[in-house]
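Trainee: Below is one structure. I have some questions about it.
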Amino acid sequence: MNYKINLRKKLYPLWFLLPFLIMISMFFGFPIILTGVMTFTDFDITYRPSFVGFKNYQKIAMDPNFFKILAITFTFTLVALAIIMLMSIVISILTQYFVKRKVARYAYRTIWLSMNALPSIIYAVVIRGVFSPYATSGANYICLKLGLIADPISWLNHFPLVLVIFTTGFLNGANGIIILSAAINSIPEDYYKAARVDGTTEWGIVTQVIIPLLKWPLMYLTVTNAISLISSYNYILLLTEGGPNLRTTTLSLYAYQNAFENSQFGYGAAISIFVVTISIALVLVLFKLFNFDEMIQPCRIDD
Amino acid sequence: MFHLFYENTIIKCKYSLLTFLQANITLNHCFTKLINYNLNITNGFSNFTKEEEDMRKQKEKKMKKIILLLLFSTVMLSIFAGGAAEKETSDETNKVKTITYTVRHDSSNENVVSRMNMIIDGFKQLEKEDPKVHFEFNYLPKLEVNELAMQFHAGVEADFFFDEETATGSLVKGGIIQPVDWFATLPNVKDTLIPNVRELSIYDGHMYGVPIDMALGCLYANKKILSKLGWSSEEIETWPKRVQNGEWTFEDMAKTCKKAIDMGLVKYGFMLDGVDNAGTFGIAKSLGIEMYDREQNKLIFDRNSWLEFYKFWEEAVHEDMMIPKSLPNFEGTYNSFFKGDTLFFSDVSGYEYWRRNFDGDAEKEFPEYYEENFTQALIPSYRKGEPAQCAMKLRSMFVFSSVKGEKLDYLKKALNLSYLPENQVNNMLTMGKLSTIATTYDLQEIKDFKFASDTAYMTDYATIRSGHPDYNTKYSKYYRNQIEGVIVDNLSAIEAVDKLESELRFNIDADQIIFK
Amino acid sequence: MSNKIIIQNNRAVVRGFVVNILLILLTAPVIYFFYWLFTTSIVNSMTGNISFKNWGFLFKEMNLDSIIIPIIWPTLWFTIKFAVLVTLLDTMIAVPAAYAFSRLNFKGKTVLMKGLFFFNAFPSATIMIAIFFLLVNLNLVNTLVGVVLVAVATMLPNHVYILKGFFDDIPWDYEWAALVDGCTRFGTFKQVVLPSATSGIGVIMIFAFLRAYSEWFLFKILIFSTKYTTLAKMMQMMLMDDGDILDYGAMTALAIFFAVPVAVFYMLSQRQLMKISNLGGKKLA
């Protein structure tokens with residue numbers, strides 16, 4: 006009888022997990038494996054792939070643009086990540102903690118959340134419009150009026166990386182605001198009262214009460230944003246298409262271009278796998294940094 | 002009928018939207034109540050007696066049931082409403098045979114509809130001649146080459162589509178299209194197809210795309226500014242001829258631009274539509290760069306001529322201020338030409354594009370405005386005595402390799418009829434693309450359409466970009482990247498050429514390119 | 335003593351002032367953006383007068399220079415239908431899975447949880463070819479079912495993770511109490527844990543709905559014709575047209591129309607969204 010109960014105990018979680026496991030292994034896991042296999046072939050538009058072993062990976066290493074692209078990828082990820090985290094923290098703390106009136110809080114929240122509402126294409130078009138090289142519109146107009154510059158600048162030509170990083174960071178930051186706002190909201194008032202009674206200044210409350218309590222949402226945000234930044238090329242593609250002379254090409258954009266524009270699916274997939282490896286390494290480092298293992302709670306019911 | 006459908010759907014939409022919103026509000030309400038309930042538990046003490054607790058539990062159950070019911074009804078309503086709206090019309094089988102052609106064509110894009118209409122006119126005439134057959138057309142969205150290959154290999158059936166000549170190589174490599182050598186032998190086409198076009202359509206020994214229409218990329222000039230510069234009206238009239246003969250070269254153009262900019266008449270001397278594929282190709286050709294070897298079907302890289310090419314860009318941007326430094330992302334290139342900010346302009350887009358970029362009522366005002374203010378000529382040669390030329394975008398119809406037998410026969414016959422001059426006229430007049438049949442230009446309507454008839458002679462001087470699969474995606478992109486590098490990053494010509502060479506060596510298989 | 339209070343009060347006032355200024359500066363671009371959207375859609379770009387021509391797609395087919403926009407209501411209808419289907423399927427699969435991760439013991443739990451993060455690392459475009467051929471072999475390509483399945487599968491890892499956080503917040507006492515009273519494990523799940531986690535489930539449903547509402551990439555690749563068009567796909571078709579001049583008026587009008595249901599949704603569901611408390615972290619003492 007014991008073995009029967011043991012078996013049932015082991016199988017029990019399966020019922021809960023089965024649909025989930027089937028879905029992600031079939032529609033997510035399996036394509037990933039297939040893509041991995043593709044990297045060892047020379048799959049291209051003829052759709053008659055043949056195995057070439059590690060040739061694609063060797064090709065990555067020998068690519069004359071490789072280091073330039075790698076440097077751009079790291080710059081892009083780190084700076085955009087900083088922008089996202091800073092923006093999320095600053096704005097959520099400001100709106101959730103400092104703003105006292107409920108109506109104002111509500112209004113700010115809705116405005117920032119609505120930034121998520123539109124697809125990225127619109128923002129790309131808007132940025133192109135604002136930073137267009139004409140003297141009569143957008144940024145050039147403001148800068149000329151303020152006397153910062155003498156001639157209209159072609160922003161997308163001279164500062165492509167800055168624009169791209171700024172756009173990606175700003176628009177992804179709006180996403181993180183939801184999560185941090187919710188987390189701040191759930192901090193009980195007693196903590197603040199206790200801190201104030203102890204005589205902490207407002208800045209002290211922010212750094213010593215709020216931020217430590219946000220450790221887990223912050224970790225979640227950092228990790229997920231880091232991963233998605235390494236593999237994001239959405240705004241780069243829409244704004245500069247890789248920049249004048251490859252100045253804003255990141256690894257994942259390079260992979261996309263090789264796969265879909267040059268029809269070299271095998272090589273593009275190899276670059277993607279390389280990108281993924283970097284992401285995984287980065288995430289493992291972050292996990293260690295944030296003590297991820299403590300988050301997994303064991304089951305406390307033993308039946 | 003459409004009106005009914007629309008009203009029907011509106012009512013369903015409104016009803017479902019309302020239900021959905023209602024469900025949301027109710028959900029919100031329920032959530033709040035449930036959260037309050039939970040809060041009470043979390044606080045550790047319950048304020049309620051047993052009866053009140055029972056009542057609350059019942060209310061909670063009731064609310065859950067209402068939520069579920071609302072959700073369910075919304076979903077069901079939407080599915081049924083949506084399902085009812087999609088009615089399939091069934092084909093009736095008559096005694097007449099119906100042949101359906103699946104065309105990959107954006108039937109919603111008004112600007113290219115006239116191309117398809119030309120083909121449809123041919124089919125309609127065929128129907129009149131042969132009353133036992135009836136043709137239907139089924140449209141699928143037009144796709145890029147890659148997605149097209151993906152769907153083709155997934156078994157999606159289609160019959161033909163339209164695309165540019167640069168796609169030929171990739172499509173042939175993927176085994177997607179079949180050669181159409183029979184086209185040149187059709188009775189209506191044999192003698193009237195422009196010989197240059199016939200030559201240029203051949204890729205790797207066969208004709209793969211039926212040449213539908215073309216756009217020529219020549220040099221446009223602002224007449225008013227030229228006269229302000231001191232050109233007499235006779236000079237302006239004979240200017241196209243002088244370019245054609247090779248008397249007026251790039252040097253002359255550079256001098257004219259410099260003069261105009263120094264005099265303050267224009268902001269920019271010579272403009273392209275961005276660092277464009279076809280536009281820069283035109284310049285490259287006039288500098289004498291050969292990128293493609295037709296016999297061997299291989300790409301060519303000639304270091305010396307590319308060095309000259311990049312030197313030209315260096316000088317044009319830095320010294321003469323001929324070309325604006327902001328060219329790579331310049332928006333509104335056409336606009337600046339129309340407004341008179343630019344003296345010369347080169348682009349391969351065709352009349353329709355010009356019309357759309359015109360501020361104002363294009364239908365009525367554009368033809369006159371154009372004739373008054375602008376003139377056009379071939380792209381001048383770089384050195385005196387060498388022939389001038391122009392770049393051409395050839396739009397072809399590609400036939401999938403799966404089309405066989407009867408369908409193919411009827412297609413041949415219909416095309417034969419489409420290429421009668423009368424049928425070619427509409428496409429020219431609505432879209433301004435030039436017909437590939439020489440006799441069309443003899444028709445009076447075309448003679449009156451000045452934009453086309455003035456440029457008709459250029460077809461003999463036209464060159465096109467190669468259809469080699471590595472050209473469009475790689476070669477052209479790399480050399481344009483280096484142009485951007487020269488303009489924006491201030492690379493020197495030698496650096497640019499070195500970079501180009503290393504990229505070509507790395508990315509293109511050695512047996513596909515010849516290095517000189 | 336009173337001086338200190340006065341100083342503190344003054345400080346509070348100044349602080350409030352500074353905070354508000356800072357917030358307004360930061361939010362100003364966003365507000366200006368919405369303002370620009372609104373005005374561009376109403377003002378006729380050439381004459382500068384107010385005209386509602388751009389909003390014509392609400393009532394009839396709009397014929398722009400390069401593309402024809404069909405009447406918007408059937409498309410909106412279809413988009414909502416699609417989003418609801420995705421939401422339901424996603425919730426039905428994610429809830430039990432999150433409960434399992436939170437409350438049950440099984441082999442490979444830690445590994446799987448860490449692995450959930452990595453699914454985000456794959457750029458969707460590159461696995462799209464593999465997905466395409468997978469669906470072709472399953473005969474699901476060009477069908478609504480196929481797109482729904484793929485959309486749900488790509489959302490699941492993230493949602494399970496967030497939901498797990500909610501389940502973790504529910505004290506073990508409830509379950510213990512229910513078990514002591516004779517409930518089965520599944521009974522506790524249904525009757526005790528689920529009701530307490532409704533806010534979390536609400537959050538997941540909102541995320542899923544909004545994500546599905548903006549989905550266009552899958553429709554571009556997996557659907558072969560325009561028979562299944564969502565609002566987002568329509569916007570993409572309009573905006574990524576080859577190099578034609580953008581009709582800013584029509585685009586902004588469509589963008590506002592697209593964003594209004596989302597904004598309404600956000601407003602109605604503010605409470606739920608503000609309840610993502612610990613995201614799976616340990617309860618801080």
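For the record, the sequence lines run as chains A, B and C.
Just so we're aligned, residue 6 is where the first sequence starts under this note's numbering, counting upward by one.
Just so we're aligned, residue 2 is where the second sequence starts under this note's numbering, counting upward by one.
Just so we're aligned, residue 335 is where the third sequence starts under this note's numbering, counting upward by one.
The beta-carbon is built from N, C-alpha and C at its ideal position, and this holds for glycine as well.
(1) Starting from H154 (chain B), trace the alpha helix (DSSP H) in both directions and tell me its first and last residue.
(2) For a contact defined as C-beta to C-beta under 8 Å, what are the partners of T51 (chain A) on chain B?
(3) Would you identify the three-state DSSP class for Y140 (chain B), choosing helix, strand or coil?
(4) Suppose you measure from the CA of K448 (chain C) to the CA of F500 (chain C); what does that come to, to the nearest Å?
(5) Are the C-beta of T425 (chain C) and some C-beta of chain B separated by less than 8 Å?
(6) Alpha carbon to alpha carbon, how far is F452 (chain B) from E366 (chain B)? Give it in angstroms, no decimals.
(7) What separation, rounded to the nearest whole angstrom, lies between the Cα atoms of T464 (chain B) and L357 (chain C)?
(8) Within the same chain, show all residues whose beta-carbon is closer than 7 Å to that of N374 (chain B), passing over the 5 residues directly before and after it, in chain order.
(9) Does the beta-carbon distance from I177 (chain B) to S402 (chain B) come in below 8 Å?
(10) What residues from chain A crowd round P329 (chain B), counting only those whose CB sits closer than 7 Å?
(11) Quick check on T560 (chain C) - is its C-beta less than 8 Å from some C-beta in chain B?
(12) Counting only Cβ-Cβ distances shorter than 9 Å, please list the residues of the stretch 260 to 275 of chain A near chain C, keeping chain order.
(13) For Q152 (chain B), decide whether its Cβ has a neighbour in chain C, counting only Cβ atoms nearer than 8 Å.
(14) CA-CA distance, I116 (chain A) and I89 (chain A)?
(15) Would N70 (chain A) and V489 (chain B) qualify as a contact pair, given that the criterion is a beta-carbon distance under 8 Å?
(16) Taking DSSP's pairing of strands, which residues face K397 (chain B) in a bridge?
(17) In chain order, what residues of the stretch 472 to 493 of chain C put their CB closer than 7 Å to some CB of chain A?
(18) Give the C-beta separation of I237 (chain B) and T376 (chain B) to the nearest angstrom, bearing in mind that I take them to be a contact with Cβ-Cβ under 8 Å.
(19) Kindly indicate if chain C contains any beta-carbon less than 8 Å away from that of L141 (chain B).
(20) So what's M272 (chain B) in DSSP terms, helix, strand or just coil?
(21) Per DSSP, C391 (chain B) is paired with what?
(22) Going along the chain, which residues of its own chain have a beta-carbon closer than 6 Å to the beta-carbon of L219 (chain A), five neighbours each way excluded?
(23) Going by C-alpha to C-alpha distance, which of C:D503, C:A432, C:W370 and C:F393 sits closest to P408 (chain C)?
(24) So who's on the other strand from T46 (chain A), going by DSSP bridges?
(25) Leaving out five residues on either side along the sequence, give the residues of the same chain with a beta carbon under 6 Å from the beta carbon of N298 (chain B).
(26) Would DSSP call C517 (chain C) helix, strand or coil?
(27) Looking at the unbroken alpha helix (DSSP H) that takes in D277 (chain B), where does it start and where does it end?
(28) I want to verify the contact list: residues of chain B whose CB lies under 8 Å from the CB of D203 (chain A), in sequence order.
(29) Name the one or two DSSP bridge partners that D348 (chain B) has.
(30) Below 8 Å on the Cβ atoms is my guess for M151 (chain B) versus I535 (chain C); work out the distance and round it to an integer in Å.
(31) Residues of chain C with CB closer than 8 Å to the CB of A155 (chain B), please, in chain order.
(32) Report back the beta-carbon spacing between I65 (chain A) and S268 (chain A) to the nearest angstrom; my notes put them in contact at under 8 Å.
(33) Please check the pair V244 (chain B) and P381 (chain B), which I expect to be a contact at CB under 8 Å, by giving their CB distance rounded to whole angstroms.
(34) Distance, Cα to Cα, E407 (chain B) vs T477 (chain C)?
(35) Name the residues in the stretch 404 to 428 of chain B whose C-beta lies less than 7 Å from a C-beta of chain A; which are they?
(36) Would you mind giving the Cβ-Cβ distance between C534 (chain B) and C391 (chain B), rounded to the nearest angstrom? I have them listed as a contact below 8 Å.
Mentor: Let's see:
(1) In the second sequence, counting from the first residue as 1, residue 154 (chain B) sits at position 153. It spans V146 to H154 - the alpha helix (DSSP H) in which H154 (chain B) sits, taken as one unbroken run.
(2) The residue labelled residue 51 (chain A) in the question sits at position 46 within the first sequence. Those within 8 Å of T51 (chain A) in chain B are K174, G175 and G176.
(3) The residue you call residue 140 (chain B) lines up with position 139 of the second sequence. In the structure shown, Y140 (chain B) sits in a strand (DSSP, three-state: E or B).
(4) Position 114 of the third sequence, counted from the first residue, corresponds to residue 448 (chain C). Position 166 of the third sequence, counted from the first residue, corresponds to residue 500 (chain C). Taking the straight line joining both Cα atoms gives about 18 Å.
(5) As a position in the third sequence, residue 425 (chain C) is number 91, starting the count at 1. Closer than 8 Å: no.
(6) For the purposes of this step, residue 366 (chain B) is taken as the residue at position 365 of the second sequence. For the purposes of this step, residue 452 (chain B) is taken as the residue at position 451 of the second sequence. Answer to the nearest angstrom: the Cα atoms are 14 Å apart.
(7) Against the second sequence, residue 464 (chain B) aligns to sequence position 463. Against the third sequence, residue 357 (chain C) aligns to sequence position 23. Between T464 (chain B) and L357 (chain C), the C-alpha separation is close to 59 Å.
(8) Here residue 374 (chain B) refers to the residue found at position 373 when the second sequence is read from its first residue. Contacts found: N223, K224 and K225.
(9) One-based indexing of the second sequence puts residue 177 (chain B) at position 176. One-based indexing of the second sequence puts residue 402 (chain B) at position 401. Cβ atoms of I177 (chain B) and S402 (chain B): closer than 8 Å.
(10) Translated into the one-based positions of the second sequence, residue 329 (chain B) becomes position 328. By Cβ distance, chain A contributes N162 and P249.
(11) Within the third sequence, numbered from 1, the residue matching residue 560 (chain C) stands at position 226. Closer than 8 Å: yes.
(12) A260, Y261, A264, F265, F270, G273 and A274
(13) Indexing the second sequence from 1 puts residue 152 (chain B) at position 151. Yes, Q152 (chain B) counts as interfacial toward chain C.
(14) As a first step, residue 116 (chain A) must be located in the first sequence, where it is residue number 111. As a first step, residue 89 (chain A) must be located in the first sequence, where it is residue number 84. Approximately 17 Å, taken between the alpha carbons.
(15) Counted from its first residue, the first sequence places residue 70 (chain A) at position 65. Counted from its first residue, the second sequence places residue 489 (chain B) at position 488. Contact flag unset, no.
(16) For the purposes of this step, residue 397 (chain B) is taken as residue 396 along the second sequence, with counting starting at 1. Inspection of the sequence shows that residue 397 (chain B) is occupied by Ser rather than by Lys. Per DSSP, B:D164 and B:P212.
(17) L483, V484, V486, A487, T488, L490 and P491
(18) Here residue 237 (chain B) corresponds to residue number 236 of the second sequence, with the count starting at 1. Here residue 376 (chain B) corresponds to residue number 375 of the second sequence, with the count starting at 1. That pair is a contact at about 7 Å.
(19) In the second sequence, counting from the first residue as 1, residue 141 (chain B) sits at position 140. Closer than 8 Å to some Cβ of chain C, the Cβ of L141 (chain B) qualifies, so yes.
(20) As a first step, residue 272 (chain B) must be located in the second sequence, where it is residue number 271. It is a strand residue.
(21) Within the second sequence, the letter at position 390 stands for residue 391 (chain B). DSSP lists B:A463 as partners of C391 (chain B).
(22) Taking the first residue of the first sequence as position 1, residue 219 (chain A) is located at position 214. So the qualifying residues of the chain are A188.
(23) Along the third sequence, one-based indexing puts residue 408 (chain C) at 74. Comparing Cα-Cα distances from P408 (chain C) to each of C:D503, C:A432, C:W370 and C:F393, the minimum goes to C:F393.
(24) Translated into positions along the first sequence, residue 46 (chain A) becomes position 41. Looking at the DSSP assignment, T46 (chain A) forms a beta bridge with A:F56.
(25) Within the second sequence, numbered from 1, the residue matching residue 298 (chain B) stands at position 297. Closer than 6 Å at Cβ, skipping near neighbours: D205.
(26) As a first step, residue 517 (chain C) is located in the third sequence; it is residue number 183 there, counting from the start. Looking at C517 (chain C) - three-state DSSP - the assignment turns out to be coil, as it is neither helix nor strand.
(27) On the second sequence, residue 277 (chain B) is found 276 positions in, with the first residue counted as 1. Where D277 (chain B) is concerned, there is no enclosing alpha helix (DSSP H), given that its DSSP letter is neither H nor E.
(28) Residue 203 (chain A) sits at position 198 when you count from the first residue of the first sequence. Chain B residues near D203 (chain A): none, gap ~26 Å exceeds 8 Å.
(29) By one-based count along the second sequence, residue 348 (chain B) stands at place 347. Bridge partners of D348 (chain B): B:C219.
(30) On the second sequence, residue 151 (chain B) is found 150 positions in, with the first residue counted as 1. On the third sequence, residue 535 (chain C) is found 201 positions in, with the first residue counted as 1. M151 (chain B) to I535 (chain C), Cβ: 37 Å. No contact.
(31) For the purposes of this step, residue 155 (chain B) is identified with residue 154 of the second sequence, where counting begins at 1. F466, F467, V470 and V475, listed in chain order.
(32) If you number the first sequence from 1, residue 65 (chain A) lands on position 60. If you number the first sequence from 1, residue 268 (chain A) lands on position 263. Their Cβ separation, rounded to whole angstroms, is 17 Å, which puts I65 (chain A) and S268 (chain A) out of contact at 8 Å.
(33) Translated into positions along the second sequence, residue 244 (chain B) becomes position 243. Translated into positions along the second sequence, residue 381 (chain B) becomes position 380. Right, the Cβ-Cβ distance comes to about 5 Å (below 8 Å), so this counts as a contact.
(34) Locating residue 407 (chain B) in the second sequence gives position 406, counting from the first residue. Locating residue 477 (chain C) in the third sequence gives position 143, counting from the first residue. One C-alpha to the other measures close to 31 Å.
(35) none
(36) This structure cannot settle anything about residue 534 (chain B), because the visible part of chain B is limited to 2 through 517.
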